[in-house]
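First comes the structure, then the notes that go with it.
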Amino acid sequence: MREKEIINDMEKENQLFDGNGEHYGIYQLKKSEERTYQFMGMREASSFGFEIHGEDYELIYSDRLGMEETLNSLYEKFNINHPQDFTGHSLSVSDVVVMRKNGESKAYYVDSFGFTELPEFIHERLRLQEVFNTQDVRETVEEKGEQKEYLPVYQQTLQYAMEHGAADDYLDSRKLNIDCKKAIEETINEHFDGMRLSLEDSGGVLEQFGTERVSYVLANTLRHLSEDGRFSRDNRVWADGIEVTENIHRGMDMNLDYLVNSHPAVLDGYIHLVRGEIRMLDVEKKMGIPHVTEQTSGLMVEGHMGTWHTIGQREYHGERFFLMRHDEYGSEAADIIVSENGTLVAEDLRNGFDAEAGFAISEYLEENGASVYDLKELPADTDIVLYDGKELYTEKAQPIINDSWDYSMVGIDENGEEYRFNFNEIYSVATEKGLRLKMPELHYIDHYYVVEDLQKQGKLDIWEYSSLSEALENYFALPTHKMKALGIQNQSPLPGSLDFIQCKNGVDHLTEDWTKVTGWLNPQIYQTVQYLKESLEVHETQIAYDTGIGFFAIQHTDGGYDYTFYDKDYLEKDGGVYDDPEFTIEEAAGDLLAEEGISIHDCKVMDYEELMECVENAEKEQQAEPSLTYYVAECMEFSVLGEYHADLTIDEAFDIYKRIPSDRMNGGKGIGICLQEDSLYAGEYPLMRSNQIDMETLEGIPYMKNHPLVQQAVKEMEQRGVKLWYPIKEAQAEKETEQRQEQPQRESKKESVLKALKERQERLKAQQTEPKRPERSQSKKKGDMEL
């Protein structure tokens, strides 16, 4: 039956690729495969290293393409009103739509936004067609005989079955599910000796019940026990890809009857065996490829001419690989390596299973789901690379411990010293045989969220983010006086969420809750925790507290923490730098507050920005009120010379003034005032020099002379015995004194002149009383000068 379905699918695909008319086809990822990029957009899938391959898909539905039908209309059709015979899930991200129009076929990936063309998809599907054609499925059926048919799993509920006349189908399927569950338990009990499971496959369970039912029962078990950390991550991802419909009847979960009751660790190993056998059966059924053995010859290998025979065999990671040589050309042609199902793994080999071959085998295993998670132990001489790039190696074998957050594993670093690490830190390992395995790319996290205040009454304000860095940025942007939180929502079958960071009393703390809840221990969460720790360490925090008697603010700075104490009026009292970065900001704040006799537990955290705004307003108000301080200078004429002290009280100013020797070479020392107010007269003014108050400098500026603060300063200096000094008035007084001293001298000169005049008058009078002498002739002689 299955072979006939394959042939029908091939014929439908031929219509899509080479047929006449216009058609479309819907492809969805195969259920029997690990669908690691299911429901991922193209960009997200690429970021995790996934590539979209045609061989991962199967044709679910095809039909003629209507004249008006487009990609968008098909998307709407297969989500809202899909055809009755459509058996797949609603058209979703990661599905592929093939459209044949005007004689040309194109494939489109249903992306997160719109559709992205896949040029290689059709070529890959055509190559698969060629493989089927070269190994005729009909001949395979005739050679092997009719394949066993299995009753399909009935996915609907009993209520649905009764309403649609399918109660018998439901009951038959339910009975087979329970029988399958019991068969698995019995097989495990028979082959588990208390230490190991002595099985290489399902133990006949797959042959008895078929791959669909066995996968259904195991996936149902894993989904119900998804939080049990003893199940490997890749098994849980595989189970996620199996459709298991919820089956609730009268309030009871009917699917609980199909849970396999075996030890989780043993059951996990059994599931690995079943998955491996399912992969092999799927390949054999669809491609008719036989098992390769050590005696194989005449094997045809895709992409290589002629036939090949086995010359060597080696086991890697539980799978056998065969070194093949050309039947005709022998050692003249390069050898190849194939897997047990004949798939080409490595080519162009000249040195057998060398390092190059080991690398190719590692890639093959990784592509088929093998990872570090599958290891039970780390062999001796294994090279280990951690996520942070650190390289280690093992001296001796040690068991894998993947169920603990402790650093429970040991390696040797480049310096030859022991280095303890956690299993979830491993990025890749390389064994001595050349096998390289990586930690799988996990998709445990669905999204991140930020809560503004966990203590808010009513509905909480919550924001969701797909990026951790974006979530952190928005978390840090919220004020620290609220109980904010950053958490993770997982995407397991039973979704859950946990807060990873909470802000308590102004300080961000890691909650450590993920270590207490089963199911959260995996590499993705481990790496996320490391990132959060590093982010909190480098984030510059600002915290403000109401101490009850004032306020306290502290923030990160270079080499420590900058802190300030404020009084009730928001004015600065004290501050400085706490220069011990070894302490956390919470420890530093507690220490500083304790020195002031305040317990940090009695303080109330407040909005830092709000406090700074209040401080700024208080400073503005303080600056608006005039104030006066004092300064002392060794040289009052040029204050830059020698000592200079500012922002002093009058007592501080006099103390410093007295300590400065008077015989300093820089000039006369003195005390000045600094008027602080919003006016043109704000600034420094000399006031006291040579133990005297220079009043005339102030009197030259009437505003300063009459200013109450200046008058108060003069009064306080006078009270300290400093005398007022008016140098200009004193100079005028001295001049007047000199003038008064010079005035008598000028009066004596006047008296002598008067005396001389008087004497002259007396002489003239005496001459008039004397007898007259003969007068001389006044005639002028010729040649004499005339006066």
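So the sequence shown is numbered by my numbering: it starts at 172 and just counts up by one. C-beta: ideal position from N, C-alpha, C; glycine also. Since this is a predicted model, take the numbers as computed values, not measurements.
### Query
What is the DSSP secondary structure of L289, reduced to helix, strand or coil?
Look at L289 here: in three-state DSSP terms it is coil, with no helix or strand label.
### Task
Measure the alpha-carbon distance for Y441 versus D545 and round it to whole angstroms.
Their Cα atoms are separated by approximately 12 angstroms.
### Query
Per DSSP, H652 forms a beta bridge with which residues?
Per DSSP, none; premise fails for H652.
### Task
Would you kindly work out how many angstroms separate the C-alpha atoms of G196 and S233, rounded to a whole number?
In a straight line, the C-alpha of G196 is about 4 angstroms away from that of S233.
### Query
Quick one: what does DSSP say Q330 is sitting in, helix, strand or coil?
Note: Q330 maps to helix in three-state DSSP.
### Among F221, H194, A278, D266, nearest to F210 - alpha-carbon criterion
Answer by Cα proximity: D266.
### Query
What does a CB cutoff of less than 7 angstroms around G746 pick up in its chain, not counting 5 residues either side in sequence?
So the list reads Y734, T735, F736, once near-sequence residues are dropped.
### Task
Classify Q883 as buried or exposed, calling it buried when 16 or more other Cβ atoms lie within 10 Å of its own Cβ.
Counting the other CB atoms within 10 Å of its CB gives Q883 a total below 16, which places it among the exposed residues.
### Message
Helix, strand or coil, according to DSSP, for F492 in the structure here?
### Response
The answer is strand: DSSP assigns F492 an E or B state.
### Task
Return the bridge partner residues of M423 from the DSSP annotation.
The partner list for M423 (beta bridge, DSSP) reads H420.
### Task
Kindly indicate which three-state DSSP category Q698 falls into: helix, strand or coil?
Three-state DSSP puts Q698 in a helix.
### Cβ neighbour criterion (16 or more within 10 Å) applied to R572
First, the residue type needs correcting, since residue 572 is Ile and not Arg in the sequence shown. Note on I572: under 16 other CB atoms within 10 angstroms of its CB, so exposed under the neighbour-count rule.
### Query
From E538, Y535, M580, pick the residue whose C-alpha is nearest to that of L557; which is it?
Comparing Cα-Cα distances from L557 to each of E538, Y535, M580, the minimum goes to M580.
### Message
Please return the same chain residues whose Cβ sits closer than 7 angstroms to the Cβ of Y280, not counting the five positions on each side in sequence.
### Response
Closer than 7 angstroms at the Cβ level, and outside the excluded window around Y280, lie M213, I223, V267, F286, T287, L289.
### Nearest-angstrom Cα separation, counted from L444 out to R367
Straight-line Cα distance between these residues: approximately 13 angstroms.
### Task
Could you give the DSSP three-state label for I616: helix, strand or coil?
Reduced to three states, the DSSP call for I616 is strand.
### Query
Roughly how many angstroms separate the alpha carbons of T478 and G469, rounded to a whole number?
C-alpha separation (whole angstroms): 5 angstroms.
### Message
Can you give me the C-alpha to C-alpha distance between S283 and L347, rounded to a whole angstrom?
### Response
Going by the C-alpha atoms only, they are around 39 angstroms apart.
### Query
So, are the CB atoms of G871 and L858 less than 9 angstroms apart?
Result no, Cβ atoms of G871 and L858 do not sit closer than 9 angstroms.
### Which listed residue (M875, G813, D865, Y802) has its alpha carbon closest to that of G843
Residue Y802 is the option with its Cα nearest to G843.
### Query
What span of residues does the beta strand (DSSP E) with V516 cover, start to end?
Counting along the chain, the beta strand (DSSP E) containing V516 begins and ends at 515 to 520.
### Task
Pull up the distance between the alpha-carbon of G501 and that of E473, whole angstroms please.
For G501 and E473, the distance between alpha carbons rounds to 18 angstroms.
### Task
Could you check if M333 is buried or exposed, using at least 16 other CB atoms within 10 Å of its CB as the buried criterion?
Answer is exposed; the Cβ neighbour count stays below 16.
### Query
Considering only C-alpha positions, which residue in the set V388, T358, L342, N185 is nearest to R271?
Answer by Cα proximity: N185.
### Message
Taking the alpha-carbon of V811 as reference, which of N788, N250, P797, G839 has the nearest alpha-carbon?
### Response
For V811, the closest of N788, N250, P797, G839 by C-alpha to C-alpha distance is G839.
#### Entry: Inter-residue Cα distance where the pair is D424 and L393
It is roughly 15 angstroms from the alpha-carbon of D424 to the alpha-carbon of L393.
### Message
By the DSSP assignment, the alpha helix (DSSP H) with F825 in it spans what residues?
### Response
Start and end: 821 to 830.
### Pairwise C-alpha distance: F492 and V600
Distance from the CA atom of V600 to the CA atom of F492, rounded to whole angstroms, is 20 angstroms.
### Query
When we look at the beta-carbon of S637 and count the other beta-carbons within 10 Å, is it buried (16 or more) or exposed?
By the neighbour-count criterion, in which 16 or more other beta carbons inside 10 Å mark a residue as buried, S637 falls on the exposed side.
### Task
Would you list the residues sitting across from G225 in a DSSP beta bridge?
G225 pairs with nothing; no bridge assigned.
### Query
According to the neighbour-count rule (16 or more other Cβ atoms, all chains shown, within 10 Å of its Cβ), is N191 buried or exposed?
Its Cβ having fewer than 16 others within 10 Å, N191 is exposed.
### Query
Do the CB positions of D679 and H710 come within less than 9 angstroms of each other?
A Cβ-Cβ contact shorter than 9 angstroms links D679 with H710.
### Message
Give me the residue from D738, F723, V437 with the minimum Cα distance to S369.
### Response
Nearest in C-alpha terms to S369, of all of D738, F723, V437, is V437.
### Query
Can you round the beta-carbon distance between I964 and I555 to whole angstroms, since I take them to be within the 8 angstroms contact cut?
Nothing can be reported for residue 964, as the shown portion of the chain is limited to 172 through 958.
### Query
Hey, how far is the Cα of E848 from the Cα of P797?
Roughly 4 angstroms separates the two Cα atoms.
### Message
Under 9 angstroms, Cβ to Cβ, is there at least one residue of chain D near M807?
### Response
Looking for chain D here will not work: only one protein chain is present.
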